[in-house]
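> Our numbering numbers the first residue of the sequence shown as -1 and each following residue consecutively.
Each residue gets a CB set at the ideal place from its N, CA and C atoms; glycine is no exception.
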Amino acid sequence: MDPDHKKTALRMIPYGIYVLTAEDGDGNTAAATVNWVTQTSFEPPLVAVGVKADSGAYEVLKAAGHFALNMLGKGQQGAAFSFFKPAQRDGDTINGEPISAGATGAPILASAPAAVECKVAEIVERGDHHIVIGEVVGATVNTAPEGRPDEAILEMKELGDNVFYGG
């Protein structure tokens, strides 16, 4: 396989940008920008998220047994870049972003247009990113989208010409 062709082809998959958050019972907080996300079932409502296997976010999420996916909207590039680095919890903020606790205890970003809370249903531990399947147990809409909801999400391509993930 030509490695350049593989990289280019895989980078053609469009990605939305999300902030995955979790908090375990020991006071550890995770917040990380993720983009390998998809809904996999209507009933029960399931989502799959690719999470870097050796990340602190993965360890906290696994220990917590639940997580939230905070959907970033158009114009929230700053928040996306903020969560490329490790989570720093300071009172009711993470990396400077105001949060509140969701029903599962997972942090919900006040600035995110929407979020879903999930309980971990299964983890597939393969490769350098593990696939976390979460059952949606709660949803929050802070800002109703105008038009199609899928057009309201911040996309990878909006982070700049030199930001890629995948390939």
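Could you please give the first and the last residue of the uninterrupted alpha helix (DSSP H) stretch that includes Lys155?
Careful: Lys155 lies outside any alpha helix (DSSP H) and carries neither H nor E.
> Give the straight-line distance between the Cα atoms of Val139 and Ala55, rounded to the nearest whole angstrom.
Straight-line Cα distance between these residues: approximately 24 Å.
> For Gln74, does the count of other Cβ atoms within 10 angstroms reach 16, so buried, or fall short, so exposed?
That one is buried.
> Thinking C-alpha only, which one of Ala119, Met154 and Glu144 is nearest Leu44?
Looking at the Cα atoms, Ala119 is the closest of the given residues.
> Contact between the segment 109 to 119 and the segment 79 to 90: three or more CB pairs below 8 Å?
The answer is no - the segment 79 to 90 does not touch the segment 109 to 119, with fewer than three Cβ pairs under 8 Å.
> Taking all protein chains shown into account, decide if His3 is buried (16 or more other Cβ within 10 angstroms of its Cβ) or exposed.
Exposed, because fewer than 16 other Cβ atoms sit within 10 Å of the Cβ of His3.
> Could you please give the first and the last residue of the uninterrupted beta strand (DSSP E) stretch that includes Leu70?
It is not in any beta strand (DSSP E) - Leu70 carries neither H nor E in the DSSP assignment.
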